[in-house]
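Here this note's numbering is used: the sequence shown runs in plain steps of one and ends on residue 221.
Encoded as structure tokens, the structure appears first; notes follow it.
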Amino acid sequence: MTPSTTPTGPGQDSPGHTGSHAPPGVGPGTALPDLLHDIVEALIEARAADAWRAMDSIAFERREATRRRAPRERDLAAIYDQDRYLCRYCGIKTILTPVMRLLSANFPDQFPFHPNWKTTDTHPAYWSLSATHDHVVPLSHGGDPLGAGNIVTACWPCNSRKSGLLLDDVGFVVREVEESTWRGLADLYPALWEESGRPVLSRGDRSWLNAVTALYGPASS
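In structure tokens form, the structure reads like this:
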């Protein structure tokens with residue numbers, strides 16, 4: 001995905017992916033590589049009919065790209081909080097990306113960030129820990145783009161891997177929400193912004209600040 005202000009990392013359903021319908025047999029542990037091998041052999045041996053039959057069994061269904069409707073920051077803030085900012089696929093702790101950007105503003109040399117997410121100029125924490133939202137049932141499969149029941153917190157690597165595929169296609173399961181006091185540093189965002197001198201924020205980061213302030217309250221004086 002291309003970085004956005006929500007999750008602010010490349011990959012939502014993936015940062016920038018429209019998603020597609022995966023053909024049968026695509027996913028971890030499937031026999032797809034062997035099947036493609038058989039198709040290649042059939043073509044080489046002039047067994048076109050066998051090749052066609054095998055290829056029909058994994059035929060790809062093209063779909064018209066779905067126009068995206070993005071959840072609002074305040075709605076995502078509530079979902080992330082409900083999930084305790086833990087990736088619902090792998091369980092890793094995630095961090096609200098605007099908080100990391102504020103850290104980068106304070107420590108530009110030690111914790112750099114590039115506005116276009118260049119890997120050579122962006123600390124790896126952004127790519128590995130940024131909180132993103134993923135649609136469990138992708139929009140390309142008719143998933144609800146705004147319904148909280150179809151949106152879960154995901155780390156950027158899991159979001160990127162799942163992309164617009166179904167859970168079975170990538171061997172994912174949605175984990176139960178764990179009890180945790182972790183809030184992705186979002187609960188500390190208002191205080192960090194205050195102590196950083198109230199710097200001017202991008203429109204997206206300002207929306208996130210407003211969202212988490214409404215959820216957790218302003219910085220304590």
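The beta carbon of each residue, even a glycine, is placed where N, CA and C say it ideally should be.
Tell me, to the nearest whole angstrom, how far the beta carbon of residue 208 is from that of residue 73; I am working on the premise that it is less than 8 angstroms.
5 angstroms
Does residue 184 have its Cβ less than 9 angstroms from a Cβ in chain D?
Protein chain content of the structure displayed is limited to a single chain, and chain D is not contained in it.
Collapsed DSSP secondary structure at residue 97 in the structure displayed:
helix
Reducing DSSP to helix, strand and coil, say where residue 58 ends up.
coil
From the DSSP output, in three-state form, read off residue 114 for me.
coil
Is DSSP giving residue 170 helix, strand or coil here?
helix
Could you tell me which whole alpha helix (DSSP H) segments of length 4 or greater appear in the segment 127-166?
156-162
By a C-beta neighbour count over all protein chains shown, 10 Å radius and 16 as the cutoff for buried, is residue 157 buried or exposed?
buried
Using the beta-carbon count (16 or more within 10 Å), is residue 52 buried or exposed?
exposed
At which residues does the alpha helix (DSSP H) containing residue 85 begin and terminate?
Careful: residue 85 lies outside any alpha helix (DSSP H) and carries neither H nor E.
Assuming residue 190 contacts residue 219 under a Cβ cut-off of 8 angstroms, what Cβ separation, rounded to an integer in Å, is found between them?
4 angstroms
Helix or strand or just coil, what does DSSP make of residue 182?
coil
Nearest to residue 69 by alpha carbon, out of 121, 124, 151, 50?
151
Nearest to residue 155 by CA position, among 124, 54, 206, 144, is which residue?
124
Segment limits, alpha helix (DSSP H) that includes residue 204:
203-216
Please report how far the alpha carbon of residue 26 lies from the alpha carbon of residue 201, in whole angstroms.
Per-residue confidence for residue 26 stands at a pLDDT of 47, beneath the threshold of 50, marking its modelled position as unreliable; the derived number appears in the next sentence. Answer to the nearest angstrom: the Cα atoms are 43 angstroms apart.
Taking the alpha carbon of residue 195 as the reference point, which residue from 102, 43, 85 has its own alpha carbon closest?
102
Return the CA-CA distance between residue 84 and residue 184, expressed in angstroms with no decimal places.
7 angstroms
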